[in-house]
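If you count by our numbering, then the sequence shown holds residues 883 to 1104, one letter each, in order. Just so it is clear, CB atoms sit at the ideal spot from N, CA and C, and this is done for glycine as well. Note that the coordinates shown come from a computational prediction; the quantities given were computed from them, not determined experimentally. Below: one structure, written as structure tokens.
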Amino acid sequence: MLEGLPLTARAANAGKMKIGIVGSGRVGGALGGVWVKAGHEVMFSSRHLEHDKTLAARLGANARGGTPREAAAFGEVLMISVPYGSLPAVGKDLAALIKGKVVIDTCNPFVSRDGDIAAWARQKGAGLASAELLPGARIVRAFNAIGAARMGAAHEDPGRIGMPIAGDDAQAIEVASRLIRDIGYEPVLIGGLAMGKYLMPGTPLSGEHTPEEIREIVATLN
Ligand SMILES: NC(=O)c1ccc[n+]([C@@H]2O[C@H](COP(=O)([O-])OP(=O)(O)OC[C@H]3O[C@@H](n4cnc5c(N)ncnc54)[C@H](OP(=O)(O)O)[C@@H]3O)[C@@H](O)[C@H]2O)c1
């Protein structure tokens, strides 16, 4: 029962984890920030190391900046949060490091931003497409269809907002669920990675919903 605890106490109770973040923009920055406040150790990375070091310095001793390779090696759990157009390059560069790791995938394909790869991913479904681009990773899709600006606020009212997630690996789902709860969301597994196609802006699941509302929406899908 960690719900009643302040954010800073939760990870200490649930087990501190090392989280490597690839893509330290709006989503990576916001979620990494609340994980640090919850007591986890976070390494931020992007293609601009100075940005990541500055971001980490603002967050204190549990945060650091590194290259994507360093973050992928550092994290027991990774979160990849880049524009979908960057995902093929990230998958190639980090191939050896992400194999077998739990990877939280926030990435959404938009044709207008990401080009042909997004058209392919939308056709295939974002969950299965990410699995193909990140071979061997134990992917859990999460945080895909809520605004980054609200991601740091769920802990203020823990458990009220549900977080729909999809994945095929039970252990990875368990680990991701714990991290999701640590920052105030209640994870709701909607199915395997094939269901990841519903975890995108513009689907009935997008926006903030209670866990119960998510279950009701999921029952209407397919
Ligand atoms: N914004 C939202 O509200 C929101 C909500 C849910 C999901 N999403 C999805 O989550 C993903 C991230 O969104 P965002 O809004 O955080 O984007 P963003 O603010 O543009 O941040 C993207 C990050 O990825 C880094 N990056 C890009 N290419 C990279 C590469 N090849 N290797 C390493 N790092 C790379 C960028 O840094 P450099 O360019 O310096 O490398 C930046 O730190 C997107 O797929 C988006 O659709 C967004």
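Short check: CB of Gly1041 to CB of Arg995, under 8 Å?
As a position in the sequence shown, residue 1041 is number 159, starting the count at 1. As a position in the sequence shown, residue 995 is number 113, starting the count at 1. No, the Cβ-Cβ distance between Gly1041 and Arg995 is not below 8 Å.
At least three beta-carbon pairs within less than 8 Å, the segment 992–1007 to the segment 1016–1036
Output reads no: the segment 1016–1036 does not touch the segment 992–1007.
For Met1089, count neighbouring Cβ atoms within 10 angstroms of its own Cβ and tell me buried if that reaches 16, exposed if not.
Residue 1089 sits at position 207 when you count from the first residue of the sequence shown. One point to set straight first is that residue 1089 is Gly, not Met, in the sequence displayed. Sixteen is the threshold: since fewer than 16 other Cβ atoms of the shown chains lie within 10 Å of the Cβ of Gly1089, the residue is exposed.
Between the beta-carbon of Ser927 and the beta-carbon of Val909, is there less than 8 Å?
Locating residue 927 in the sequence shown gives position 45, where the first residue counts as 1. Locating residue 909 in the sequence shown gives position 27, where the first residue counts as 1. No, these two residues do not count as a Cβ contact at 8 Å.
Run through the DSSP bridge pairs and tell me what Ile1047 is partnered with.
As a first step, residue 1047 is located in the sequence shown; it is residue number 165 there, counting from the start. Paired residues: Leu1071.
For Ala938, does the count of other Cβ atoms within 10 angstroms reach 16, so buried, or fall short, so exposed?
Against the sequence shown, residue 938 aligns to sequence position 56. So Ala938 counts as buried.
According to DSSP, simplified to helix, strand and coil, what is Val993?
Counted from its first residue, the sequence shown places residue 993 at position 111. Val993: helix per DSSP, three-state reduction.
Where Leu931 sits in the DSSP three-state scheme:
Residue 931 sits at position 49 when you count from the first residue of the sequence shown. Correct three-state label for Leu931: helix.
Does the beta-carbon of Tyr966, which I'm using as the reference point, lie nearer than 7 Å to any heavy atom of ligand 1?
Numbered from its first residue, the sequence shown carries residue 966 at position 84. Indeed, a heavy atom of ligand 1 lies less than 7 Å from the Cβ.
Suppose you measure from the CA of Ile1096 to the CA of Ile1072; what does that come to, to the nearest Å?
As a first step, residue 1096 must be located in the sequence shown, where it is residue number 214. As a first step, residue 1072 must be located in the sequence shown, where it is residue number 190. Computed Cα separation, rounded: 8 Å.
Pick helix, strand or coil for Pro1086, following the three-state DSSP scheme.
Numbered from its first residue, the sequence shown carries residue 1086 at position 204. Residue state, collapsed to three classes: coil.
Among Thr1085, Gly897, Ala1052, Val1070, nearest to Ala1008 - alpha-carbon criterion:
For this step, residue 1008 is matched to residue 126 along the sequence shown. In terms of CA proximity to Ala1008, Thr1085 leads the group Thr1085, Gly897, Ala1052, Val1070.
Report the CB separation of Pro1083 from Met1045 in whole angstroms; it is logged as a contact under 8 Å.
Locating residue 1083 in the sequence shown gives position 201, counting from the first residue. Locating residue 1045 in the sequence shown gives position 163, counting from the first residue. That pair is no contact at about 15 Å.
With a threshold of 7 Å, establish whether the CB of Val909 neighbours any heavy atom of ligand 1.
Residue 909 sits at position 27 when you count from the first residue of the sequence shown. Yes.
With respect to the alpha helix (DSSP H) encompassing Leu979, which residues constitute its N-terminal and C-terminal limits?
For the purposes of this step, residue 979 is identified with residue 97 of the sequence shown, where counting begins at 1. Segment 977–980, the alpha helix (DSSP H) holding Leu979.
Per DSSP, what kind of secondary structure is Ser948 in: helix, strand or coil?
Against the sequence shown, residue 948 aligns to sequence position 66. Checking the displayed sequence, the identity of residue 948 turns out to be Gly instead of Ser. In the displayed model, Gly948 falls within a strand according to three-state DSSP.
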